[in-house]
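Novice:
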Amino acid sequence: MTTDHPESSALSEAPEQLRWLKSSYSNGAGGECVECAIGAGGEVLVRDSKRADGPTLTVEDRTWACFLSGLGVG
Numbered sequence: 061m062t063t064d065h066p067e068s069s070a071l072s073e074a075p076e077q078l079r080w081l082k083s084s085y086s087n088g089a090g091g092e093c094v095e096c097a098i099g100a101g102g103e104v105l106v107r108d109s110k111r112a113d114g115p116t117l118t119v120e121d122r123t124w125a126c127f128l129s130g131l132g133v134g
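Each residue of the sequence shown is one higher than the one before, starting from 61 at the first, in the working numbering.
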């Protein structure tokens with residue numbers, strides 16, 4: 061789910077200027093993996109690691125925290 065909040069869509073950094081993080085489980089052999097970055101406003105950006113120039117999903121930090129919490133529950 062992307063948000064239409066101005067603070068989420070109006071990033072101060074261009075995606076290529078963000079510090080993108082990839083899971084340590086990603087071995088670089090072309091497997092499916094996502095990269096995440098934190099925007100200046102605290103929003104979380106998610107993209108496909110194989111398509112760095114492709115679309116980016118932007119979510120509020122609290123939404124991302126709920127998502128991660130849900131992963132832990134199963």
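Note that the Cβ used here is the ideal one computed from N, Cα and C, for glycine as well.
If I'm right that A97 touches R111 with Cβ under 8 Å, what's the distance once you round it to whole angstroms?
Specialist: Here residue 97 is taken as the residue at index 37 of the sequence shown, counted from 1. Here residue 111 is taken as the residue at index 51 of the sequence shown, counted from 1. In fact, because the Cβ distance is near 15 Å, the residues do not count as touching under 8 Å.
Novice: Under the three-state reduction of DSSP, which class applies to L131: helix, strand or coil?
Specialist: Taking the sequence shown and counting its residues from 1, the one referred to as residue 131 is at position 71. L131: helix per DSSP, three-state reduction.
Novice: For T116, which residues in the same chain have their Cβ closer than 8 Å to its Cβ, ignoring the five residues on either side in sequence?
Specialist: As a position in the sequence shown, residue 116 is number 56, starting the count at 1. The answer, listed in chain order, is P75, L105, V106, R107.
Novice: Using CA coordinates, which residue listed in Q77, G102, S83, A89 is at the minimum distance from T118?
Specialist: What you label residue 118 is simply residue 58 of the sequence shown in a count that begins at 1. The residue with the shortest Cα to Cα distance from T118 is G102.
Novice: Pull up the DSSP beta-bridge partners for E95, would you.
Specialist: Reading the sequence shown from its first residue, position 35 is the one you call residue 95. E95 pairs with K82, R107.
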